[in-house]
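Enquirer: If you read the sequences in order, they're chains A and B.
Just so it is clear: in the first sequence, position 31 is 31 by the working numbering, and no numbers are missing.
The number in the working numbering is simply the position in the second sequence, starting from 1, with 1000 added.
Glycine is no exception: its CB is placed at the ideal position from the N, C-alpha and C atoms.
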Amino acid sequence: DGGITQSPKYLFRKEGQNVTLSCEQNLNHDAMYWYRQDPGQGLRLIYYSQIVNDFQKGDIAEGYSVSREKKESFPLTVTSAQKNPTAFYLCASSIWGTELFFGEGSRLTVL
Amino acid sequence: AQKVTQAQTEISVVEKEDVTLDCVYETRDTTYYLFWYKQPPSGELVFLIRRNSFDEQNEISGRYSWNFQKSTSSFNFTITASQVVDSAVYFCALSELLYELRLTFGEGTQLTVNP
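1) Where does B:Asp-1018 land, buried or exposed, given buried means 16+ other C-beta within 10 angstroms?
2) Quick check on the DSSP output: the beta strand (DSSP E) that includes A:Leu-108 runs from which residue to which?
3) Just to confirm my understanding: we take B:Ser-1065, look at its own chain, exclude 5 residues before and 5 after, and list those with CB closer than 6 Å. What are they?
4) Taking the alpha-carbon positions, what's the B:Arg-1063 to A:Tyr-48 distance?
5) Any chance you could list the beta strand (DSSP E) runs of at least 3 consecutive residues sitting entirely within the stretch 59 to 96 of chain A, in chain order?
6) Establish whether the CB of B:Glu-1015 and some CB of chain A are separated by less than 8 Å.
7) Does the distance from the C-beta atom of B:Phe-1075 to that of B:Tyr-1037 stay below 8 Å?
8) Under 8 Å: do the stretch 101 to 110 of chain A and the stretch 1002 to 1022 of chain B share three or more Cβ pairs, one atom per stretch?
9) Under 7 Å Cβ to Cβ from A:Gly-2, same chain only, skipping five residues before and after it: list those, please.
10) A:Ser-7 to B:Ser-1071, Cα distance in whole Å?
11) Pick from A:Thr-86, A:Leu-76, A:Asn-84: whose alpha carbon is nearest that of A:Glu-24?
12) Along the chain, where does the beta strand (DSSP E) containing A:Thr-163 start, and where does it finish?
13) Kindly indicate if chain A contains any beta-carbon less than 8 Å away from that of B:Ser-1012.
14) Who are the near neighbours of A:Asp-38 in its chain, counting only those whose CB is closer than 7 Å to its CB and skipping five residues on each side?
15) Residues in its own chain within less than 7 Å of B:Arg-1102 by CB, not counting five upstream and five downstream?
16) Is the shortest distance between the beta-carbon of A:Glu-99 and the beta-carbons of chain B less than 8 Å?
17) Would you mind working out which of B:Thr-1031, B:Arg-1028, B:Phe-1035 sits nearest B:Glu-1059, comparing C-alpha positions?
18) Can you give me the start and stop residues for the beta strand (DSSP E) that B:Asn-1114 sits inside?
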């Protein structure tokens, strides 16, 4: 089945460590996005990419980094510079003129 | 800057009741796109509807209906004869572009439908 796969579903990290969240899609979508969700809040855009080897900062990019080396993959690295990384992270993809398709999310907890 | 407000944080109803989730938005653009998503406990957001700003027709899909009113900048969502499976968090969102879906989300409304 086509879809978006995020891994891991749950991740624990010690303060000061970088961690990478994986996002893979087999929908042949050009655009991919990373959103962050905090309890009781809406989603906020971290980074997005319209094509391979190109990406743009969203509203809350500080402390995060991404890469887009393949159309299918858009990994997100949460760096030690991110002051409050505990959150639920959602990856999405889209094709022009439609809507965002979301993965099941990765829940990151900093100990 | 664009903004989406969902003033109802939580709503609790009994099965078979009708329920309306409110969404008010702000944007300076004359062309924009509005969305509703459902987030069940599994966490994945499920697309429900997209509405273009130039199309003010209301839409009905089964038990779901949407009322779009540009005059009041609102895009409300009604579930008729609610069911327990409708329990979820519902998000309203706005994008000023369609080729670049930089969605601005509201804070969501937690709907609980009790048997």
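Expert: In this structure, then:
1) exposed
2) 106 to 110
3) Thr-1078
4) 34 Å
5) Counting only runs of at least 3 residues, the stretch 59 to 96 of chain A fully encloses the following beta strand (DSSP E) elements, listed from N- to C-terminal order: 64 to 66, 76 to 78, 87 to 94.
6) Chain A contact via Cβ: absent.
7) no
8) no
9) Asn-26, Leu-27
10) So the two alpha carbons sit approximately 43 Å from each other.
11) A:Leu-76
12) Outside the displayed range of chain A (1 to 111) lies residue 163 of chain A, so it cannot be described from this structure.
13) Answer no: the Cβ-Cβ gap between B:Ser-1012 and chain A never drops below 8 Å.
14) Around A:Asp-38: Ala-87.
15) Ser-1095
16) yes
17) B:Phe-1035
18) 1109 to 1114
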